[in-house]
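J.: Straight run, no breaks: the sequence shown in my numbering ends on number 531. Here a beta-carbon is modelled for each residue, glycine too, at the ideal position from N, C-alpha and C. I'd like to ask some things about the structure below.
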Amino acid sequence: QETGGSNPRIATAMGQYKDALQFTERRQALRSQAGELQDSYVLFTDAHTQKGDLVRAEQALRAGHPNFETAQGRFLQMILVVQGRLLLAQNRPAEALVPLERAVRAWQGETQTHELLPPLLHALAALRCGKEDAARASLELAEQVRAKGEAARFDILLHFARHEVTGDVESL
């Protein structure tokens with residue numbers, strides 16, 4: 360069986376939360392010695408969120424928050440996506456819109472966009488808030504990027520978001 364245990368983002372995407380958390384704990388211990396902990400908190404938050412342990416996810420996010428205040432670029436986008444995903448998991452879509460809107464703006468500013476997660480999560484949060492036009496706009500943005508041949512690994516989430524936003528059963 361293929362494992363993502365050496366990369367916490369891959370392990371989390373594959374549903375191997377235990378591997379992702381173990382690797383992140385080892386990485387955090389090493390980085391603690393070097394004074395570099397920022398992305399470990401984000402990875403912990405994301406893995407716990409996707410695992411469904413929202414209390415631990417919230418704790419990890421709070422623990423890393425002081426380090427996030429100076430975040431920029433790709434790291435800032437990653438923080439915003441993880442915050443938005445946690446708020447969606449906590450059934451707080453209106454609050455999730457704030458970081459997800461910022462994540463989409465940061466995502467649009469990238470010269471090479473490979474991940475569709477910011478606009479897809481934004482589409483789902485907007486839909487849950489009754490903002491169908493914003494949901495459709497984010498979905499269309501994601502589909503435009505996908506049409507250019509990038510971001511194929513998020514096809515499943517794209518189809519789910521399309522189904523949720525448009526009601527198209529054939530998207531699934």
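Look at P425 and L439 and say whether their C-beta atoms are less than 7 Å apart.
T.: Not in contact: P425 and L439 (Cβ atoms no closer than 7 Å).
J.: Quick check: what's the CA-CA separation for D492 versus R385?
T.: Whole-angstrom Cα-Cα distance: 43 Å.
J.: Whole angstroms is fine: what's the gap from T371's alpha carbon to F403's?
T.: The straight-line gap from Cα to Cα measures roughly 10 Å.
J.: Between W466 and the rest of its own chain, which residues show a CB-CB distance below 8 Å, the 5 nearest in sequence each way excluded?
T.: If we look at W466 and ignore the five residues flanking it on each side, its Cβ neighbours are Q436, T472, E474, P477, P478.
J.: Please name the residue, chosen from Q442, Q409, E523, that lies closest to L486 on a Cα-to-Cα basis.
T.: If we check each option's Cα against that of L486, E523 comes out closest.
J.: Is it buried or exposed, Q442, if we count other Cβ atoms within 10 angstroms and call 16 or more buried?
T.: Answer is buried; the Cβ neighbour count reaches 16.
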